[in-house]
Structures are given as structure tokens and as C-alpha cells.
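Asker: Numbering (the numbering used here), first residue to last: 26 to 252. Idealized CB from N, CA, C, for every residue including glycine. In this text, all values refer to a predicted model and were calculated from it rather than measured experimentally.
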Amino acid sequence: MTRMYKFVKKTWNPLVGCYYDCEYCWARRLAKRFKCRACNEFRPHIHPERLNQAVLPKSGLVFVCDMGDISCQYITNVRRVLGFVEDFQRKYETEFFFETKSPAFYRFFQRLADLNPRKTILSATIETNRQITLEFSFAPITAERYRSMKELAWPRKHVSVEPVMDFDLDVMFKWITDIEPELVSIGYDNYNHHLPEPPLSKVLKLIEDLEASGIKVERKTLREART
Numbered sequence: 026m027t028r029m030y031k032f033v034k035k036t037w038n039p040l041v042g043c044y045y046d047c048e049y050c051w052a053r054r055l056a057k058r059f060k061c062r063a064c065n066e067f068r069p070h071i072h073p074e075r076l077n078q079a080v081l082p083k084s085g086l087v088f089v090c091d092m093g094d095i096s097c098q099y100i101t102n103v104r105r106v107l108g109f110v111e112d113f114q115r116k117y118e119t120e121f122f123f124e125t126k127s128p129a130f131y132r133f134f135q136r137l138a139d140l141n142p143r144k145t146i147l148s149a150t151i152e153t154n155r156q157i158t159l160e161f162s163f164a165p166i167t168a169e170r171y172r173s174m175k176e177l178a179w180p181r182k183h184v185s186v187e188p189v190m191d192f193d194l195d196v197m198f199k200w201i202t203d204i205e206p207e208l209v210s211i212g213y214d215n216y217n218h219h220l221p222e223p224p225l226s227k228v229l230k231l232i233e234d235l236e237a238s239g240i241k242v243e244r245k246t247l248r249e250a251r252t
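1) Give me whichever residues DSSP pairs with V186 in a beta bridge.
2) So, for P82: in the same chain, excluding its five sequence neighbours on each side, which residues have a beta-carbon less than 7 Å away from its beta-carbon?
3) So does the stretch 41 to 60 actually touch the stretch 161 to 172, counting three or more Cβ pairs closer than 8 Å?
4) Is the Cβ-Cβ distance between R181 and P142 less than 8 Å?
5) Measure the alpha-carbon distance for F122 versus S226 and round it to whole angstroms.
6) Reducing DSSP to helix, strand and coil, say where R58 ends up.
7) Could you compute how far the alpha carbon of L231 sits from the alpha carbon of L194?
8) If you count every other CB in all the chains shown that lies within 10 Å of the CB of S96, and 16 or more means buried, which is it?
9) Give the list of continuous alpha helix (DSSP H) stretches no shorter than 4 residues that lie fully inside the stretch 31 to 94.
10) Over what stretch of residues does the alpha helix (DSSP H) that includes R170 continue unbroken?
11) Quick test of your reading: H70 and V41, contact by CB under 8 Å. State the CB separation rounded to the nearest angstrom.
12) Among residues of its own chain, excluding the 5 on either side of R62, which ones have a beta-carbon nearer than 7 Å to its beta-carbon?
13) What three-state label does DSSP hand L147 in the structure shown?
14) Using the rule of at least 16 other Cβ atoms within 10 Å of the residue's Cβ for burial, across every protein chain shown, is I240 buried or exposed?
15) How close, in whole Å, do the beta carbons of S173 and A129 come, if the pair is a contact with beta carbons under 8 Å?
16) So the candidates are T145, R58, E169, I146; which of them puts its Cα closest to the Cα of T153?
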């Protein structure tokens, strides 16, 4: 399996699992290969043995918990992990990247730990502006995710439009520019889940418009839509 984002140096999963049950979740399928029973069942849980500074790079960017959604985890476990990150950030220049489908959860981050905003990127997955995600996932609707990210007072933000689903170009452009991310990652489904996909021309137009507005775009899998 290829790295989820090209800018990520390492993925680190002290927390694993999610309750959103997205039909297109690659992590849930991968977790079935693990020996840990909680991982197999994709139940939110902590691996305390991974809270080890020796396993993390002293520079570059670390994606925290790509094998699950941090918003589904127990608060006590999240506090423990964020406290570890806070301590690590005081010692090293490593940047940490978090991503969720419930960015309203980020309101708790500043209560749970004093993360360094310069070294912390907060991301949300927003596959479309339409409510079609309800057909495939129990995650909050994308309109809620947009509002939470727009209101989030954080200097470094990212938006993942992956797997992209059909969208309204003007609305999607407005949502993303309202959020003011430093980077957007856009790509189609890699696993043939028969999602309602937009034509490639629309995706390329969104990329063109975003870049013209000054937002950097990471191009993931770009191809013709499948029917």
C-alpha cells in the first residue's frame, strides 16, 4: 500500500479504530490482518506501547492515527496521546498531522493539551458538499464538517477531498476557500467501491480554481469517473 499523503514522513498509530463504518474504508480492511482482536474488530482503543519517542522521527511530518478516527476514541486515551505529542514537540521540530471526519472534535484539543500550532496540522475529510455520504458512512454530514473547519481558529489546516464524490463546483470551491487550508489533497477512490463520482473535468476545474486562489493542491489518484 502506498503512503496516504506524499508529504507524510511516517504514520503513527497509538490509537486505532472507528465507529463511522465507512463502506470505502481501507484501514478497516487492513486491520483485519492484525493479531490484535480490537484492531480486527476496528474498535477504538489505545496501544500504549507505541507511546515511545524512539519510534518517531526528530523532523518531518507524522500522521497521527491514520488507522481510525481520533474523534471516536475515549477522551482519556486522546488526552494521553496529545500529552505525549505536546512533550515531543517541546524537544524536536517534528510536525504532527491529525485528520478526522468530525472536526468539531478539534474544539477539545486545546483543552486536552497545549499543542504547538506551528508544528500541528488539523485536517478534515470533505469528500463532497452533497449529503450523499450518508449512503456510505455514519460520519457527520460534510456540511457540518465544513462549518466546524471554517470556525476552527487554527493557523495550519488541511482538507482531504478523497475519495472524491460528485459535488457542486461553486459550493465546493467556496467551502474550501472559506476554510483557508494551507493544502488540499484531492483524489478518486482507489478500491472500486462504485461511489457516485464526478467527471474528471469537474475535478480538474476545482483544482485549477483552488490553485488560482492561492491554495496548494496535492493531486492524488486522478482518472475518469467510473459508472
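Answerer: By the coordinates alone:
1) Bridge partners of V186: I211.
2) K34, K35, T119.
3) The way I'd put it, the stretch 41 to 60 does touch the stretch 161 to 172; three or more beta-carbon pairs between them come closer than 8 Å.
4) In this structure, P142 lies closer than 8 Å to R181 by Cβ.
5) Pairing F122 with S226, the inter-Cα distance amounts to about 30 Å.
6) Correct three-state label for R58: coil.
7) Whole-angstrom Cα-Cα distance: 7 Å.
8) It is buried - the Cβ of S96 has at least 16 other Cβ atoms within 10 Å.
9) Those alpha helix (DSSP H) runs which fall completely within the stretch 31 to 94 and span 4+ residues are 51 to 56, 62 to 65.
10) Its alpha helix (DSSP H) spans residues 167 to 176.
11) Taking 8 Å as the upper bound for CB-CB distance, H70 and V41 are in contact here, some 6 Å apart.
12) Excluding positions up to five away in sequence, the list is empty.
13) Reduced to three states, the DSSP call for L147 is strand.
14) The residue is buried, with at least 16 neighbouring Cβ atoms inside 10 Å.
15) With a Cβ gap of about 4 Å, S173 and A129 count as contacting.
16) In terms of CA proximity to T153, E169 leads the group T145, R58, E169, I146.
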